[in-house]
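Just add 49 to wherever you are in the sequence shown, counting from 1, and you've got my numbering.
Using N, Cα and C, we set each Cβ at its ideal position, and we do this for glycine too.
Following: one structure in structure tokens, then a few remarks.
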Amino acid sequence: MRYPWARVIGTRRRRSYQAIDILKALNIRCMMLTGDNKATDKWASDQVGLDEYFAEVLPQDKAAKVKEVQSRSVLVAMTGDGVNDAPVLAQADLGIAIGAGSDVAVETADVILVQSNPLDVVAILKLSRTTYLKMIQNLFWATGHNAVAIPLAAGALHALGVLLTPALGAVLMLASTVIVAINTRLLRLKK
50 MRYPWARVIG TRRRRSYQAI DILKALNIRC MMLTGDNKAT DKWASDQVGL
100 DEYFAEVLPQ DKAAKVKEVQ SRSVLVAMTG DGVNDAPVLA QADLGIAIGA
150 GSDVAVETAD VILVQSNPLD VVAILKLSRT TYLKMIQNLF WATGHNAVAI
200 PLAAGALHAL GVLLTPALGA VLMLASTVIV AINTRLLRLK K
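Structure follows, in structure tokens:
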């Protein structure tokens with residue numbers, strides 16, 4: 050191939066389109082915050098299909114722009130790699146740094162991507178949603194189990210002749226722990 054970089058740019062662009070499409074399918078608004086030219090950013094925004102873009106924003110004004118978006122009751126995940134992105138990554142609800150970026154951005158971010166692949170952002174968000182749902186499931190299971198088992202162990206049904214022995218109580222508690230652990234392990238099966 051005469052221009053080997055052309056394949057890389059084409060791959061990145063395809064991944065960007067895919068990432069935006071998937072994020073929109075997840076009901077996530079996609080925005081761009083940059084200091085670049087307004088006309089160029091409008092074209093790029095239209096090409097990729099962004100919901101909104103902020104162009105010609107000076108580095109010192111980027112954190113304020115994120116605050117403005119947050120004031121609309123929107124959770125903000127920001128991806129960046131430069132020294133100028135560090136304050137914005139700190140201001141965002143979720144800061145995502147590119148691993149090859151500046152040390153300041155990497156230190157400030159909540160998540161660090163090893164590669165510069167937009168689909169990794171999708172993977173992070175899907176994993177976090179799935180993990181949160183598992184946490185809620187486990188919380189409901191443990192709460193429901195304890196709401197039944199603790200009164201039984203305390204003798205709530207003793208008048209009816211139902212008495213939970215300490216050994217049976219221990220087995221029920223162990224069963225609850227095992228069920229929660231197995232449910233959590235099911236995260237590995239989710240792709």
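So does the region 191-208 actually touch the region 176-183, counting three or more Cβ pairs closer than 8 Å?
-> no
A146 - partner residues in DSSP beta bridges = G129 and I161
Measuring CA to CA, which of G210, T214, G131 and S165 is closest to R64?
-> Its Cα nearest to that of R64, the residue S165 stands out among G210, T214, G131 and S165.
Got a sec, what are the start and stop residues for the beta strand (DSSP E) E101 sits in?
-> Counting along the chain, the beta strand (DSSP E) containing E101 begins and ends at E101 to F103.
For the beta strand (DSSP E) containing L82, list its first residue and its last residue.
-> M80 to L82
Mind checking V227: buried by the 16 CB within 10 Å criterion, or exposed?
-> exposed
Do you know offhand how far L217's Cα is from N187's?
-> 22 Å
Check L223 in the structure and name its three-state DSSP category.
-> helix
Kindly list the residues whose CB is nearer than 6 Å to the CB of P136, restricted to its own chain and excluding five residues on each side of it in sequence; keep chain order.
-> Counting only Cβ-Cβ distances below 6 Å, and skipping sequence neighbours, we find A112.
Give the C-beta separation of M127 and L99 to the nearest angstrom, bearing in mind that I take them to be a contact with Cβ-Cβ under 8 Å.
-> The pair is not a contact, with the Cβ atoms about 14 Å apart (cut-off 8 Å).
Can at least three beta-carbon pairs, one atom from the region 198-210 and one from the region 154-161, be found at a separation below 8 Å?
-> Counting C-beta pairs closer than 8 Å gives fewer than three between the region 198-210 and the region 154-161, which falls short of the contact rule.
Is the beta carbon of A74 sitting closer than 9 Å to the one on D90?
-> no
CA-to-CA distance, V125 to I185, given in whole angstroms = 22 Å
Would you mind working out which of V170, V229, Q96 and P108 sits nearest V132, comparing C-alpha positions?
-> P108
Evaluate G129 with the Cβ neighbour count: other Cβ atoms within 10 Å of its Cβ, from every protein chain shown; 16 or more gives buried, anything less gives exposed.
-> buried
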